[in-house]
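Each remark here refers to the structure printed beneath this line.
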Amino acid sequence: MTDEAVQTPFTPPADRVEIGARIDALMPQALTDLTELVAIPSIADERVVDPAECVRAAEWVREAFLAEGIPAELTETPDGTYAVIGHRPAPAGAPTVLLYCHYDVQPILDEHEWLSPPFELTERDGRLYGRGSADCKGNLIAHLAALRALRADTAATDPAAYPVGFVLVAEGSEEQGRASLDRYAEANPELFRKADVILIQDAGNFANGVPTLTTSLRGAVDVVVEVSALEASLH
16 MTDEAVQTPF
26 TPPADRVEIG
36 ARIDALMPQA
46 LTDLTELVAI
56 PSIADERVVD
66 PAECVRAAEW
76 VREAFLAEGI
86 PAELTETPDG
96 TYAVIGHRPA
106 PAGAPTVLLY
116 CHYDVQPILD
126 EHEWLSPPFE
136 LTERDGRLYG
146 RGSADCKGNL
156 IAHLAALRAL
166 RADTAATDPA
176 AYPVGFVLVA
186 EGSEEQGRAS
196 LDRYAEANPE
206 LFRKADVILI
216 QDAGNFANGV
226 PTLTTSLRGA
236 VDVVVEVSAL
246 EASLH
């Protein structure tokens, strides 16, 4: 291979250039949305935050996806929190994509350790800070931006707005590790069987500006270990 061949710049396909331009144009709206969602202290722990704040976040998510043509409702899960569940049927012969995300966030712990208010989206050195700005509210906003870029100028209510169908699952207590969505899925398998593929936005990228496809995820296991010993020393 010649040096000239190695240095030949890559020319992306026209459709990729077009979708990239749409996403660039949508970024101001995405930042506005993220600012609004980060401002809601949706910590799914009634000892820390009034549960009404999580409901407020769930309602925000429902309205945002409804505006993009995905009918959604708040559905109570076994631990008492609400998942936002939605479904838009696929066009004839097209697959269905399940969009997963969660709107709840970790507690902020000591607010005095934060360099900026935890529930106020703040830019520093080209990066955005705020509780949930990355995990997982920023990723939730990525779903919305992708939907907007995909349908372009087509009305969200137009049957031809999207080439695929969608199932939406926006969890409300992922950070608490209660497995509430697990139990909901076991009780409602028909919802998840609609999906041909699952897109989880609760992940990062390899480096800033480098698109990354994660193909496997780690799980979590909670265990209780009991240790019994003799009441007295024994030789």
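For the sequence shown, the residue numbers in this note's numbering are 16 to 250. Just so you know, even glycine gets a beta-carbon here, dropped at the ideal spot from N, CA and C. Source: prediction; values computed, not measured.
Among the options, nearest to residue i - alpha-carbon criterion
| i | options | result |
| --- | --- | --- |
| ALA202 | PRO93, THR229 and PRO43 | PRO93 |
| PHE4 | ARG142, ASP140 and SER148 | Residue coverage of the chain in this structure runs from 16 to 250, which leaves residue 4 outside it and unanswerable. |
| VAL179 | GLU190, ARG166, GLN191 and GLU186 | ARG166 |
| GLY224 | PRO66, GLY35 and ALA82 | GLY35 |
| ASP150 | ILE123, ARG31, TYR118 and LEU136 | TYR118 |
| LEU46 | ARG37, THR96 and LEU136 | LEU136 |
| ARG146 | LEU159, ILE123, HIS158 and ALA164 | ILE123 |
| TYR177 | ARG198, ASP60 and ARG163 | ARG163 |
Reduced DSSP secondary structure (H/G/I, E/B, other) of residue i
| i | result |
| --- | --- |
| ILE38 | helix |
| GLY145 | coil |
| MET16 | Because MET16 carries a pLDDT of 49, less than 50, the predicted location of this residue cannot be relied on, and the following value inherits that uncertainty. Coil, per DSSP. |
| CYS151 | coil |
Beta-carbon separation (whole angstroms), residue i vs residue j, contact threshold 8 angstroms
| i | j | result |
| --- | --- | --- |
| GLU68 | SER57 | 6 angstroms |
| LEU49 | GLY153 | 6 angstroms |
| ALA218 | THR229 | 5 angstroms |
| ALA222 | GLY192 | The Cβ separation is near 28 angstroms, so there is no contact. |
Exercise for review: Pick out the complete beta strand (DSSP E) segments inside the segment 57 to 136, 3 residues or longer, and give them in chain order.
Suggested key: As for any beta strand (DSSP E) of minimum length 3 sitting wholly inside the segment 57 to 136, the runs are 87 to 91, 97 to 103 and 111 to 117, ordered along the chain.
**Study point:** Contiguous beta strand (DSSP E) assignments of at least 3 residues, all confined to the segment 172 to 245
**Key:** For the beta strand (DSSP E) assignment, the uninterrupted runs of no fewer than 3 residues enclosed by the segment 172 to 245 are, from N- to C-terminal side, 180 to 186 and 212 to 215.
**Study point:** Any 3 or more C-beta pairs closer than 8 angstroms across the segment 170 to 189 and the segment 102 to 117
**Key:** Cβ pair count under 8 angstroms is three or more, so yes.
Exercise for review: Count the CB pairs spanning the segment 207 to 215 and the segment 107 to 127 that are closer than 8 angstroms, and state whether there are at least three.
Suggested key: Short answer: they touch.
**Study point:** Sufficient close CB pairs (3 or more, under 8 angstroms) joining the segment 74 to 84 to the segment 160 to 174
**Key:** Contact between the segment 74 to 84 and the segment 160 to 174 is present, because at least three Cβ pairs lie under 8 angstroms.
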